[in-house]
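Student: Numbering (our numbering), first residue to last: 159 to 623.
Each residue gets a CB set at the ideal place from its N, CA and C atoms; glycine is no exception.
There's a structure below that I have some questions on.
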């Protein structure tokens with residue numbers, strides 16, 4: 159039998175009656191500024207006072223989740239401990255948390271994933287009366303529906319330890335991270351606004367140098383900011399107020415902030431591009447070394463290049479190998495469809511480009527050192543439905559498409575590199591038709607078939623293009 163943690167602050171921090179609680183949460187969500195329809199948050203920062211004090215501020219963040227209801231399957235929720243001292247980040251002994259709105263299961267997979275992390279402990283006492291986590295649950299239940307929960311009560315721990323735990327739990331689109339923290343405590347209204355604005359500026363600049371005078375949840379907040387920097391999340395301030403603005407007097411106030419962090423599309427594209435460049439460099443080195451060694455062996459020369467391993471080499475692949483000598487074409491052979499492993503395909507076509515291209519005499523051993531090798535790895539063929547030449551021309555993407563033309567048993571292809579010599583669509587297609595053996599000026603007819611493909615090109619003369 160599992161252990162259920164009962165609600166500890168229902169009736170004080172929020173209503174204990176299910177209908178009253180649902181009604182109040184829904185009213186707060188409805189009054190919050192509508193989400194701008196941009197990106198779903200990966201992480202939110204919300205306050206944890208009673209609903210009468212911080213509810214309108216917290217709702218500004220939770221309202222951002224409502225349009226994404228059904229997306230989030232797991233919530234990782236971190237809040238500071240207020241009543242029980244604990245070393246590290248404490249999971250509960252319980253297997254479920256209960257609120258007036260229903261019961262939430264503790265995520266067993268997350269518990270197992272954290273089992274070997276030294277900063278993570280289990281403490282029933284740390285969670286028994288802790289409000290910083292509990293007060294977030296009704297908002298989450300109304301905003302996103304069903305989910306499993308990973309509640310971590312953060313005690314004496316380093317921000318770097320928090321960041322490591324978050325990294326372990328980061329997950330994908332199914333995981334939402336919630337950081338529960340208030341800001342300044344018991345300053346006068348004007349001083350609190352000034353202090354909280356400074357803290358908000360740190361959050362917005364992803365600066366983890368935040369202390370417990372600035373935020374009671376400084377440790378989980380700072381750890382989250384470290385993780386946010388790693389994952390290139392873009393922060394947004396949604397609301398910044400204090401208890402003097404909501405339900406209290408202004409002599410001694412508590413500060414509240416709501417922030418949302420979403421994936422920075424520009425940074426993600428840059429990171430993806432950098433990762434792709436690194437991947438391309440590794441694959442290019444693997445393919446080009448094998449192509450050169452295959453030609454050398456065929457010419458009776460020693461294979462002088464190291465051949466690095468790469469995961470893509472054993473998968474089926476279609477390739478063309480192109481040779482240039484003194485800037486002029488010296489051979490080009492390949493296939494449009496994958497029939498063998500990519501490594502074997504490149505070796506076969508490298509030898510054929512050097513020795514069997516009928517347009518050129520076989521390459522001599524003395525020429526190999528001066529030859530520049532280019533390997534093109536082809537993507538899948540995509541048929542182009544074009545009932546006329548004008549529609550075919552409109553469908554072509556100069557500089558991007560390799561093109562295959564087929565007509566009554568004749569066929570020819572141009573790699574995308576040919577666009578460099580024939581940048582106009584009409585010239586490109588006419589030259590391709592001549593290569594296929596069609597008569598100049600021949601009318602387009604129903605038997606003509608076009609398909610396009612993209613390539614990843616790797617060149618000894620400057621890397622991938």
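1) For residue 200, report the span of its beta strand (DSSP E) as first-last.
2) Nearest CA to the CA of residue 177: which residue from 337, 332, 204, 296?
3) At a cut of 8 Å, does the stretch 321-339 reach the stretch 252-263 through at least three beta carbon pairs?
4) Whole angstroms is fine: what's the gap from residue 209's alpha carbon to residue 438's?
5) Between the stretch 270-283 and the stretch 197-207, do three or more beta carbon pairs fall short of 8 Å?
6) Measuring only the C-alpha atoms, how far is residue 215 from residue 378?
7) Once DSSP output is grouped into helix, strand and coil, what is the label at residue 474?
8) Which residue marks the beginning of the beta strand (DSSP E) containing residue 393, and which one marks its end?
9) Since residue 109 and residue 441 are thought to touch, with beta carbons under 8 Å apart, how far apart are those beta carbons, to the nearest angstrom?
10) Kindly identify the DSSP beta-bridge partner or partners of residue 561.
11) Let me know the beta strand (DSSP E) ranges lying completely inside the stretch 322-363, each 3 residues or longer, listed in chain order.
12) From which residue to which residue does the alpha helix (DSSP H) around residue 367 run?
13) Check whether the Cβ atoms of residue 264 and residue 273 lie closer than 8 Å to each other.
14) From which residue to which residue does the beta strand (DSSP E) around residue 418 run?
15) Let me make sure I understand the geometry here. Which of 399, 540, 184, 288 has the alpha-carbon closest to that of residue 243?
16) Report yes or no: do three or more beta-carbon pairs, one from the stretch 518-532 and one from the stretch 495-507, lie closer than 8 Å?
17) For residue 620, count the other beta carbons within 10 Å of its own beta carbon; 16 or more makes it buried, fewer makes it exposed. Which is it?
18) Please determine, among 233, 299, 319, 211, the residue with the shortest C-alpha to C-alpha distance to residue 245.
19) Count Cβ pairs between the stretch 390-401 and the stretch 354-361 that sit closer than 8 Å; are there 3 or more?
20) Helix, strand or coil: which one does DSSP assign to residue 615?
21) For residue 417, which option in 340, 454, 574 has the closest C-alpha, if you only look at C-alpha atoms?
22) Do you know whose CA, among 161, 414, 475, 465, lies nearest residue 402's CA?
23) So, under 8 Å CB-CB, residue 558 and residue 538 are touching, yes? Tell me the CB distance rounded to an integer number of Å.
24) What whole-angstrom Cβ distance do residue 542 and residue 481 have, given they're in contact under 8 Å?
25) Just to confirm my understanding: we take residue 614, look at its own chain, exclude 5 residues before and 5 after, and list those with CB closer than 6 Å. What are they?
26) Buried or exposed: residue 548, going by 16 or more other Cβ atoms within 10 Å of its Cβ?
27) What's the gap between the Cα of residue 623 and the Cα of residue 595?
28) State the DSSP-derived secondary structure class of residue 534, mapped to helix, strand or coil.
29) Which whole-angstrom value describes the C-beta separation of residue 562 and residue 569, a residue pair presumed to lie in contact below a C-beta threshold of 8 Å?
30) How would you label residue 344, buried or exposed, when you count the other beta carbons within 10 angstroms and need 16 or more for buried?
31) Between 591, 612, 166, 532, which lies nearest to residue 602 when the distance is taken from Cα to Cα?
32) Exposed or buried, what is residue 187 when buried is set at 16 or more other beta-carbons lying within 10 Å of its beta-carbon?
33) Counting pairs of Cβ atoms below 8 Å between the stretch 313-330 and the stretch 365-382, do you hit three or more?
34) With C-beta atoms as the reference, is residue 248 less than 8 Å away from residue 346?
35) Can you grab the Cα-Cα spacing for the pair residue 489 / residue 515, in whole Å?
Tutor: So, from the data block:
1) Taking the first residue of the chain shown as position 1, residue 200 is located at position 42. Neither: residue 200 is in no beta strand (DSSP E) and is coded neither H nor E.
2) Within the chain shown, the letter at position 19 stands for residue 177. Among 337, 332, 204, 296, the Cα nearest to that of residue 177 is on 296.
3) no
4) Your numbering for residue 209 matches position 51 in the chain shown. Your numbering for residue 438 matches position 280 in the chain shown. Going by the C-alpha atoms only, they are around 53 Å apart.
5) no
6) Along the chain shown, read from residue 1 onward, the residue named residue 215 stands at position 57. Along the chain shown, read from residue 1 onward, the residue named residue 378 stands at position 220. Taking the straight line from one Cα to the other gives about 19 Å.
7) Mapped onto the chain shown, residue 474 falls at position 316. DSSP places residue 474 in strand when its eight states are reduced to three.
8) Translated into positions along the chain shown, residue 393 becomes position 235. Counting along the chain, the beta strand (DSSP E) containing residue 393 begins and ends at 391-400.
9) This structure gives no information on residue 109, because the portion of the chain shown stretches from 159 to 623.
10) On the chain shown, residue 561 is found 403 positions in, with the first residue counted as 1. Answer by DSSP bridge pairing, in chain order: 572, 610.
11) 333-338, 343-345
12) On the chain shown, position 209 is the one that residue 367 refers to. That residue, residue 367, is in no alpha helix (DSSP H); it is neither H nor E in DSSP.
13) Sequence index remark: in the chain shown, residue 264 carries index 106 (1-based). Sequence index remark: in the chain shown, residue 273 carries index 115 (1-based). Cβ atoms of residue 264 and residue 273: not closer than 8 Å.
14) Residue mapping note: residue 418 aligns to position 260 of the chain shown, counting from 1. Where residue 418 is concerned, the enclosing beta strand (DSSP E) stretches over 411-421.
15) Taking the first residue of the chain shown as 1, we reach residue 243 at position 85. Ranking the options by Cα distance to residue 243, first place goes to 288.
16) no
17) Position 462 of the chain shown, counted from the first residue, corresponds to residue 620. Only weak support exists for where residue 620 lies, its pLDDT of 41 falling under 50; the value from the coordinates is given anyway. Residue 620 comes out exposed.
18) Within the chain shown, the letter at position 87 stands for residue 245. Of 233, 299, 319, 211, the residue nearest in Cα terms is 319.
19) yes
20) For the purposes of this step, residue 615 is taken as the residue at position 457 of the chain shown. Strand at residue 615.
21) Taking the first residue of the chain shown as 1, we reach residue 417 at position 259. Here the closest residue by C-alpha is 340.
22) Taking the chain shown and counting its residues from 1, one reaches residue 402 at position 244. Closest option to residue 402, Cα to Cα, is 414.
23) As a working note, residue 558 is residue 400 in the chain shown. As a working note, residue 538 is residue 380 in the chain shown. Actually they do not touch by this definition, with Cβ atoms about 14 Å apart.
24) As a first step, residue 542 must be located in the chain shown, where it is residue number 384. As a first step, residue 481 must be located in the chain shown, where it is residue number 323. In fact, because the Cβ distance is near 29 Å, the residues do not count as touching under 8 Å.
25) Here residue 614 refers to the residue found at position 456 of the chain shown. Closer than 6 Å at Cβ, skipping near neighbours: 535.
26) Taking the chain shown and counting its residues from 1, one reaches residue 548 at position 390. So residue 548 ends up on the exposed side.
27) For the purposes of this step, residue 623 is identified with residue 465 of the chain shown, where counting begins at 1. For the purposes of this step, residue 595 is identified with residue 437 of the chain shown, where counting begins at 1. Any reading at residue 623 must be qualified, since the residue scores a pLDDT of 36, below 50, and its modelled position is unreliable; the value itself is stated next. Whole-angstrom Cα-Cα distance: 30 Å.
28) For the purposes of this step, residue 534 is taken as the residue at position 376 of the chain shown. If DSSP states are grouped into helix, strand and coil, residue 534 belongs with the strands.
29) Taking the chain shown and counting its residues from 1, one reaches residue 562 at position 404. Taking the chain shown and counting its residues from 1, one reaches residue 569 at position 411. With 8 Å as the limit, residue 562 and residue 569 qualify as a contact, their Cβ atoms being about 7 Å apart.
30) Your numbering for residue 344 matches position 186 in the chain shown. That one is exposed.
31) Position 444 of the chain shown, counted from the start, is the residue given in the question as residue 602. With distances taken between Cα atoms, residue 602 lies closest to 591.
32) As a working mapping, residue 187 is identified with position 29 in the chain shown. Classification of residue 187: buried, given that the 10 Å Cβ count is 16 or more.
33) yes
34) Position 90 of the chain shown, counting from 1, holds the residue named residue 248. Position 188 of the chain shown, counting from 1, holds the residue named residue 346. Contact flag unset, no.
35) Here residue 489 is taken as the residue at index 331 of the chain shown, counted from 1. Here residue 515 is taken as the residue at index 357 of the chain shown, counted from 1. So the two alpha carbons sit approximately 6 Å from each other.
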